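Reading through the structure tokens given below for one structure.
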Amino acid sequence: MFRKAKLLILGFLLFSVTCVAQEKLYFGQTEIGFLVGNSEEQWDGNRQRRFDVSFMTFHGAHITKNNVVGFSLGIDQYDEISVIPIALGWRGFLGKDGKPKIFGGLDVGGGSTILEKKVSDEWSKSWYEGGSLISPSVGISFPFKKDKTTLSFSFAYKRQQVSHYWGSLIQPGSQVVANDKLPPGYNSLTENNFLFRSFVFRAGLIF
Amino acid sequence: MKPLYSASSLLFLLSVLMFSSCVDEVNSSYTYHTMMPIYLEMSDVRARIITTEPAQPIDNPGKIYIYEDYLFINEPTKGIHILNNSNPANPINLSFIPIAGNVDMAVNGKILYADNYVDLLAFDLSNINNIKLVKRVEDVFTHMYTHATGEIITFRDTVITTESPNWGFEDGGGWLMNSSMSFSANYSAASQSYGTGGSMARFTLANLHLYAVDESTMRVFDVENPADPTFVKPIDLGWGIETIFPFQDKLFIGSNRGMHIYDASTPNSPTRMAVYEHVQACDPVVVNEDYAFVTLRNGNACWNGVNELQVIDIKDLYKPTLKKSYSMLNPHGLGLAGDFLYIAEGSHGLKSFNVSDVMNIDQNQLEFLTNQKSVDLIPGPKSLIVIGPDGVCQFDYSNPAKLKKLSCIQVTNPTKFY
Chain A
1119 MFRKAKLLIL GFLLFSVTCV AQEKLYFGQT EIGFLVGNSE EQWDGNRQRR
1169 FDVSFMTFHG AHITKNNVVG FSLGIDQYDE ISVIPIALGW RGFLGKDGKP
1219 KIFGGLDVGG GSTILEKKVS DEWSKSWYEG GSLISPSVGI SFPFKKDKTT
1269 LSFSFAYKRQ QVSHYWGSLI QPGSQVVAND KLPPGYNSLT ENNFLFRSFV
1319 FRAGLIF
Chain W
57 MKPLYSASSL LFLLSVLMFS SCVDEVNSSY TYHTMMPIYL EMSDVRARII
107 TTEPAQPIDN PGKIYIYEDY LFINEPTKGI HILNNSNPAN PINLSFIPIA
157 GNVDMAVNGK ILYADNYVDL LAFDLSNINN IKLVKRVEDV FTHMYTHATG
207 EIITFRDTVI TTESPNWGFE DGGGWLMNSS MSFSANYSAA SQSYGTGGSM
257 ARFTLANLHL YAVDESTMRV FDVENPADPT FVKPIDLGWG IETIFPFQDK
307 LFIGSNRGMH IYDASTPNSP TRMAVYEHVQ ACDPVVVNED YAFVTLRNGN
357 ACWNGVNELQ VIDIKDLYKP TLKKSYSMLN PHGLGLAGDF LYIAEGSHGL
407 KSFNVSDVMN IDQNQLEFLT NQKSVDLIPG PKSLIVIGPD GVCQFDYSNP
457 AKLKKLSCIQ VTNPTKFY
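First to last, the protein sequences are chains A and W.
Under the numbering used here, residue 1325 is the last one in the first sequence; the count climbs by one each step, no gaps.
Under the numbering used here, residue 474 is the last one in the second sequence; the count climbs by one each step, no gaps.
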């Protein structure tokens, strides 16, 4: 899936290169900040505050003077789970050159849990699988004097799905009727689908 | 600067809004194998008319019985497939007899015996194209009754997905919902019982009597008049009974604790001669004049077992002694044809040995077909019939050192072995 996404991005970038002849084509944005959310309901009905680190870098190309498309890559921490968000994105700007600008953005893609270790022993296996990601954002950019680089502050909403699987393995010597509900070799499978909804505040640079 | 102020206040408002709705969700699902209890009224079961039906694809082969040029293949809990096997290289699926709850069968003359939950049925095979039910002996396999009201309980191996990982206690399943209880082929008639008229059979005929073993009892039927089987009596065997193998006047009964030897010279009242105890494991038995060959295997309900072939000296039937044991991979059924022993090694394959020297069986391994997964086998008059997860295969075994595959009947829903 990611390979497809990458190809799509590449294609899109190439397409943009051919049809845009602006003075500056490349657009980069790197930001770091935090994710805030409220955990799922605990046994007592309360929710716990989730407060974690978020890092994001966006690479794109201007398709018009105020519109940029590209892809974003980063790292988000959700409690113990590290997710690498990979998304296609858009940034749109409002304002005059040399002045603070308001910008909006949208990133749509998926999160990878490749940093999470797969645990496997004689009896069981457990692993994470990433899921879809959507993140609309708004922000303000402040240009530095005499420089093309601008300071940016983004506020975003981020919806990230992550699944955790724990399966007990069928022990040698057992006979099992084939079925399509369980992956082959598994006796049982517990699936936890997490939907993280977070508010994100990030600060960084646009260059 | 004014528009910027209004814009930032809008941003602030928006972020507060978003923040307040940022709550996580977790959905869990738990998928597991289990034995689902099914309750049936025997009166309903008996009301069903059993007639020969057109051939059906073999879904999941259970026990196999050779009758003349025919193969009877049991589909556990569903019925019996009848195949014309006059040419082992090309068996032809002829018909199907739907018998609910059927696990085992035996043929006596022209009469087929098959269990139908708690009843024993007798079918007339004189016309193979029109097999007729000639007798029903009611209420003999009574261990299936939940209580005395005619309701029986069976179990179906099922995969269930629940929202809560609480093992389904809410629907009263209790211990039945424990996945480790699942696929314990030896626990209930409805589970996926493998075995054949070979070493894993639970029905056997000897001296005009039919012996049927369940997990704790041997039931004796007088079948002197084949079409009119009569129930003689149950004999308590103790727990964990799995297989029965007749040899001459003796019955060798494999249990998960050992091998029972019964003297059946008085056919309607076999008496125990000896019990050979070993570690707990699953164990089919085959026997010749001097030795019993027992496979012990680790799996299913017989945990903590070992995987080995034991040779037991039975020259003195009252004092069986272990002669030697050989390490195996995961031995299931086995078959003896003269001096040659064939062992189904589960997912590991199929082995053949020359056992004329019982002290050196390991050095006389003739062949090991690692690509032939097998659970049980029968050395038949025309072919060696091997039952495995992928189907029922037949081999030319005129040269035991070089088995030649003749045919394989593919199954539609193969059982997986691990």
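For glycine and all other residues, C-beta sits at the position ideal for the given N, C-alpha and C.
Everything numeric in this text was worked out from a predicted model, so none of it was measured.
Kindly indicate the opening and closing residues of the alpha helix (DSSP H) around W/MET161.
Unbroken run through W/MET161 is the beta strand (DSSP E), 161-164; no alpha helix (DSSP H).
If we define contact as Cβ-Cβ less than 9 Å, is W/SER430 a contact residue for chain A?
False, the Cβ-Cβ gap to chain A never drops below 9 Å.
Could you work out which residues of chain W lie near A/GLY1216, taking near to mean beta carbons separated by less than 7 Å?
None at all; the shortest Cβ gap to chain W is about 14 Å.
Can you find the residues in the same chain that come closer than 6 Å, C-beta to C-beta, to W/ALA393, ignoring five residues on each side of it along the sequence?
Once the five neighbours on either side are set aside, the close Cβ partners of W/ALA393 are PRO435.
With 8 Å as the C-beta to C-beta threshold (strictly closer), list the residues of the segment 91-121 of chain W near chain A in chain order.
From the segment 91-121 of chain W, only ASN116 have a Cβ closer than 8 Å to chain A.
What residues from chain B crowd round W/VAL82, counting only those whose CB sits closer than 8 Å?
Chain labels in this structure do not include chain B; the protein chains are A and W.
Any idea which residues DSSP pairs W/LEU422 with across the strands?
Beta-bridge pairing links W/LEU422 to no other residue.
Taking contact to mean 3 or more Cβ pairs, one atom from each stretch, closer than 8 Å, check whether the segment 1245-1261 of chain A and the segment 1275-1283 of chain A are in contact.
The segment 1245-1261 of chain A is in contact with the segment 1275-1283 of chain A.
Within its chain, find whatever has a CB closer than 6 Å to the CB of A/THR1267; leave out the 5 residues flanking it on each side and keep chain order.
Only LEU1323 and PHE1325 meet the Cβ criterion.
Using CA coordinates, which residue listed in W/SER430, W/THR377, W/PRO282 and W/ILE368 is at the minimum distance from W/LEU390?
If we check each option's Cα against that of W/LEU390, W/SER430 comes out closest.
Among A/ASN1305, A/ASN1156, A/HIS1282 and A/SER1272, which one has its Cα closest to the Cα of A/PHE1319?
Of A/ASN1305, A/ASN1156, A/HIS1282 and A/SER1272, the residue nearest in Cα terms is A/SER1272.
In whole angstroms, what is the alpha-carbon distance linking W/ALA457 and W/MET92?
Those two C-alpha atoms are separated by around 44 Å.
Pull the bridge partners of W/VAL196 from the DSSP assignment, please.
Answer is none; W/VAL196 lacks a bridge partner.
Under a CB-based cut-off of 9 Å, is W/HIS316 close to chain A?
By this cut-off, W/HIS316 is not an interface position.
Alpha carbon to alpha carbon, how far is W/GLY229 from W/ILE94?
Note that W/GLY229 scores a pLDDT of 37, beneath 50, so its modelled location is shaky; the value from the coordinates is reported in the next line. Roughly 11 Å separates the two Cα atoms.
Out of W/ASP270, W/THR286, W/VAL362 and W/VAL79, point me to the one whose CA is closest to W/LEU177's CA.
Out of W/ASP270, W/THR286, W/VAL362 and W/VAL79, W/THR286 has the C-alpha closest to the C-alpha of W/LEU177.
Ignore the nearest five residues each way along the sequence and tell me which others in W/LYS188's own chain have a CB closer than 7 Å to its CB.
For W/LYS188, where only same-chain residues beyond five positions count, the Cβ hits under 7 Å are PHE179 and ASP180.
Leaving out the 5 sequence neighbours to the left and right, which residues in its chain are closer than 6 Å to W/HIS316 when beta-carbon positions are compared?
If we look at W/HIS316 and ignore the five residues flanking it on each side, its Cβ neighbours are ILE309 and VAL331.
Using the Cα positions of W/ILE138 and W/ARG104, report the straight-line distance between them to the nearest angstrom.
Roughly 20 Å between the two C-alpha positions.
Taking the alpha helix (DSSP H) that W/ALA103 belongs to, which residues open and close that run?
Residues 98-103.
Using a Cβ-Cβ distance cut-off of 9 Å, determine whether A/SER1200 contacts chain W.
False, the Cβ-Cβ gap to chain W never drops below 9 Å.
For the candidate residues W/MET415, W/ILE441 and W/MET161, whose alpha-carbon lies nearest to that of W/LEU266?
The option with the nearest alpha carbon to W/LEU266 is W/MET161.
Hey, is the segment 1237-1244 of chain A in contact with the segment 1183-1196 of chain A, meaning 3+ C-beta pairs nearer than 8 Å?
Touching, no, given that fewer than three Cβ pairs across the two stretches are closer than 8 Å.
For the beta strand (DSSP E) containing W/ASP372, name the first residue and the last one.
Per DSSP, W/ASP372 belongs to no beta strand (DSSP E) and is neither H nor E.
Give a yes or no on whether the C-beta atoms belonging to A/GLY1223 and A/TRP1208 are separated by under 9 Å.
Contact: yes.
Have a look at W/LEU352 and W/TRP295 and give me their C-alpha separation to the nearest angstrom.
The alpha-carbon atoms of W/LEU352 and W/TRP295 are separated by roughly 17 Å.
In terms of DSSP beta bridges, what is W/ASP292 paired with?
In DSSP, W/ASP292 forms a bridge with W/THR273.
Could you compute how far the alpha carbon of W/ASP452 sits from the alpha carbon of W/ASP372?
Answer to the nearest angstrom: the Cα atoms are 35 Å apart.
Taking buried to mean at least 16 other C-beta atoms within 10 Å of its own C-beta, is W/PHE301 buried or exposed?
It is buried - the Cβ of W/PHE301 has at least 16 other Cβ atoms within 10 Å.
Determine whether the Cβ of A/LEU1307 lies closer than 9 Å to any Cβ atom of chain W.
Closer than 9 Å: yes.
Using alpha carbons as the reference points, say which of W/ASP175, W/THR299 and W/ILE122 lies closest to W/LYS191.
Closest by alpha carbon: W/ASP175.
Is any heavy atom of the ligand FAD found at a distance shorter than 8 Å from the C-beta of W/LYS461?
Absence of the ligand FAD from the depicted structure is noted, as is the absence of any ligand whatsoever, leaving it without description.
Given that a residue counts as buried once 16 or more other Cβ atoms are within 10 Å of its Cβ, and exposed if not, what is A/LYS1124?
Any reading at A/LYS1124 must be qualified, since the residue scores a pLDDT of 49, below 50, and its modelled position is unreliable; no value is offered.
Within the 9 Å Cβ cut-off, does A/ASN1164 reach chain W?
So, not an interface residue.
According to the Cβ coordinates, are W/ILE129 and W/ILE106 closer than 9 Å?
No, the Cβ-Cβ distance between W/ILE129 and W/ILE106 is not below 9 Å.
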